[in-house]
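Q: Before anything else, here's the structure in question.
Residue numbers (UniProt numbering): 1 to 336.
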């Protein structure tokens, strides 16, 4: 059996777990996106902190950790729990809505509607499967598998496989797996591929056949097992690596997204979707200070009137760094 590495654990996993749980509660139950983002940002920062946090005061020195979050960290470290979370977990409405949103395709509004109809568990969902849309049915079918993180070793196998198969469709395709995987994360939640081809630029008409040809090839070889949505430039579905003679067990089904991006906008897209969010924000701020506006599509010079000019030519991520006189950072250096 080929070895699959286990994800490395953070020394502050207990803290990041409760922060993510609070983030999900604020987003899914309270619809308080600002609060949710604050908890998520703090969790992200703390997950990268190499030392075990001893108290809230130490945590407060990290970006995104304010007084209220540091108080919660103190409570957790002193008692091993959090009163607010205990209350949330025992509240039927909160816990049920939070749980239902873990099913791919069920957002907060749909979860609340299902809850009001008496649906609280996976078993309840299975009883009304005929009422679920296609996306939700797939989320329910593979719920247990989607809940499991993808080890880096499996992501690396997928990356090699995807590049080999893209060449079989057309040698001019360029594909990059982005997200935390590209930044060196030990595990990933899904596979997020950015795809481009020289025939597709921002000056040409949309080229849906370029995306569809790749998806159809992946389907024909059994890598893509289920489709969720297939648009002109974005595909969402389910993939599964095929078991080899060395493997003792089947690979799990994994969520896969493929975005087709115009060639002239590709590297701005790769930079953006590699992240992290904090790194992207710092890059955009620095770009503005240097007289440029940067987003996931283009980098443009900003004139004295404040109006953005024509997009600059970008043939690599390094070009973007050079335009704004920002020291190049490898993807593995972009998590903070």
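Yeah, the Cβ is synthetic: ideal placement off N, Cα and C, and Gly gets one too.
My output table needs one value for residue 314: the three-state DSSP class, helix, strand or coil.
A: In the chain shown, residue 314 corresponds to position 314, counting from 1. Here residue 314 sits in coil by DSSP.
Q: Using C-beta distances below 6 Å, list every residue in its chain close to residue 311, excluding the 5 sequence neighbours before and after it, in chain order.
A: Here residue 311 refers to the residue found at position 311 when the chain shown is read from its first residue. Excluding positions up to five away in sequence, the list reads 298 and 300.
Q: What residue from 224, 232 and 259 has the CA that sits closest to residue 240's CA?
A: Indexing the chain shown from 1 puts residue 240 at position 240. Across the set 224, 232 and 259, the C-alpha of 224 shows the shortest separation from the C-alpha of residue 240.
Q: Identify, in the order they occur along the chain, each residue of the same chain with its Cβ nearer than 6 Å to the Cβ of residue 8, setting aside the five sequence neighbours on each side.
A: Mapped onto the chain shown, residue 8 falls at position 8. Unreliable placement is indicated for residue 8, whose pLDDT of 46 sits below 50; no coordinate value is reported for it.
Q: Taking buried to mean at least 16 other C-beta atoms within 10 Å of its own C-beta, is residue 128 buried or exposed?
A: On the chain shown, position 128 is the one that residue 128 refers to. Exposed is the label assigned to residue 128, since fewer than 16 other Cβ atoms lie within 10 Å of its Cβ.
Q: Based on Cα-Cα distance, which residue from 18, 286 and 208 lies nearest to residue 36?
A: Numbered from 1 along the chain shown, position 36 holds the residue referred to as residue 36. Ranking 18, 286 and 208 by Cα distance to residue 36 puts 18 first.
Q: In or out: residue 285 buried (at least 16 other Cβ within 10 Å) or exposed?
A: The residue given as residue 285 occupies position 285 in the chain shown. Flag for residue 285 reads exposed.
Q: Taking C-alpha atoms, which residue in 109, 29 and 42 lies nearest to residue 20?
A: Taking the chain shown and counting its residues from 1, one reaches residue 20 at position 20. Of 109, 29 and 42, the residue nearest in Cα terms is 42.
Q: Could you tell me whether the segment 167-180 touches the segment 208-215, where touching means 3 or more Cβ pairs closer than 8 Å?
A: yes
Q: If I measure Cβ to Cβ from residue 326 and keep anything under 6 Å in the same chain, skipping five residues before and after, which residues do I get?
A: As a working note, residue 326 is residue 326 in the chain shown. The answer, listed in chain order, is 286.
Q: Say yes only if the C-beta of residue 92 is nearer than 8 Å to one or more non-hydrogen atoms of the ligand PLP, and no if none qualify.
A: No copy of the ligand PLP appears in this structure; indeed no ligand is present at all.
Q: Over the uninterrupted beta strand (DSSP E) stretch that includes residue 229, give me the two end residues.
A: Walking along the chain shown from the start, residue 229 turns up at place 229. Run containing residue 229: 224-230, per the beta strand (DSSP E) assignment.
Q: Rounded to the nearest angstrom, what separates residue 111 and residue 97 at their Cα positions?
A: As a working mapping, residue 111 is identified with position 111 in the chain shown. As a working mapping, residue 97 is identified with position 97 in the chain shown. Cα to Cα, the separation comes out at about 5 Å.
Q: On the DSSP letters alone, give me the boundaries of the alpha helix (DSSP H) that residue 93 sits inside.
A: Within the chain shown, the letter at position 93 stands for residue 93. Taken as a continuous stretch (DSSP letters only), the alpha helix (DSSP H) holding residue 93 covers 92-100.
Q: Under 8 Å by Cβ, that's how I've got residue 188 and residue 150 pegged, so tell me the actual separation to the nearest angstrom.
A: Within the chain shown, residue 188 is the residue found at index 188, counting from 1. Within the chain shown, residue 150 is the residue found at index 150, counting from 1. The Cβ separation is near 5 Å, so the contact holds.
Q: Quick one: using the 10 Å Cβ neighbour count with 16 as the cut-off for buried, is residue 136 buried or exposed?
A: Here residue 136 is taken as the residue at index 136 of the chain shown, counted from 1. So residue 136 counts as buried.
Q: Is residue 193 closer than 9 Å to residue 176 when the C-beta atoms are compared?
A: In the chain shown, residue 176 corresponds to position 176, counting from 1. In the chain shown, residue 193 corresponds to position 193, counting from 1. Yes; because the gap between Cβ atoms is below 9 Å, this pair is in contact.
Q: So, helix, strand or coil for residue 220, using DSSP?
A: Here residue 220 is taken as the residue at index 220 of the chain shown, counted from 1. Secondary structure at residue 220: helix, using DSSP grouped into helix, strand and coil.
Q: Where residue 114 and residue 92 are concerned, what is the direct C-alpha to C-alpha distance, given to the nearest angstrom?
A: Here residue 114 refers to the residue found at position 114 of the chain shown. Here residue 92 refers to the residue found at position 92 of the chain shown. Their Cα atoms are separated by approximately 13 Å.
Q: Determine the DSSP secondary structure at residue 56, reduced to helix, strand or coil.
A: Numbered from its first residue, the chain shown carries residue 56 at position 56. In the structure shown, residue 56 sits in a helix (DSSP, three-state: H, G or I).
Q: At what residue ranges does the segment 99-132 contain a whole run of the alpha helix (DSSP H), taking only runs of 4 or more?
A: 108-116 and 122-127
Q: Quick one: grab the DSSP three-state call for residue 329.
A: As a first step, residue 329 must be located in the chain shown, where it is residue number 329. Correct three-state label for residue 329: coil.
Q: For residue 267, collect the residues of the same chain with a Cβ closer than 6 Å to its Cβ; drop the 5 residues on either side in sequence, then sort them by chain order.
A: By 1-based counting over the chain shown, the position of residue 267 is 267. Here the set comprises 314, 316 and 317.
Q: Would you kindly work out how many angstroms separate the C-alpha atoms of residue 103 and residue 228, rounded to a whole number?
A: Looking up residue 103 in the chain shown gives position 103. Looking up residue 228 in the chain shown gives position 228. Spanning the two alpha carbons is a distance of roughly 13 Å.
Q: So, with DSSP's three-state summary, where would you put residue 62?
A: Reading the chain shown from its first residue, position 62 is the one you call residue 62. Coil.
Q: Roughly how many angstroms lie between the CA atoms of residue 323 and residue 24, to the nearest whole one?
A: In the chain shown, residue 323 corresponds to position 323, counting from 1. In the chain shown, residue 24 corresponds to position 24, counting from 1. Cα-Cα distance, rounded: 38 Å.
Q: Please say whether residue 33 and residue 76 have beta carbons closer to each other than 9 Å?
A: Indexing the chain shown from 1 puts residue 76 at position 76. Indexing the chain shown from 1 puts residue 33 at position 33. Taking 9 Å as the Cβ cut-off, residue 76 and residue 33 do not qualify as a contacting pair.
Q: Cβ of residue 106 within 9 Å of Cβ of residue 195?
A: Within the chain shown, the letter at position 106 stands for residue 106. Within the chain shown, the letter at position 195 stands for residue 195. Cβ distance not < 9 Å, so residue 106 and residue 195 don't count as in contact.
Q: Between 160, 290 and 155, which has its C-alpha nearest residue 184's C-alpha?
A: Position 184 of the chain shown, counting from 1, holds the residue named residue 184. Per the Cα distances, 155.
Q: Just how far apart, CA to CA, sit residue 319 and residue 67?
A: Residue mapping note: residue 319 aligns to position 319 of the chain shown, counting from 1. Residue mapping note: residue 67 aligns to position 67 of the chain shown, counting from 1. One C-alpha to the other measures close to 40 Å.
Q: What does the Cβ neighbour count give for residue 269, buried or exposed, with the cut at 16 atoms within 10 Å?
A: Residue numbering aside, residue 269 sits at position 269 when the chain shown is read from its first letter. Buried: at least 16 other Cβ atoms inside 10 Å.
Q: Taking the DSSP output, what are the residues bridged to residue 11?
A: To locate residue 11, count along the chain shown from 1; it is residue 11. BP columns for residue 11 are empty, so no partner.
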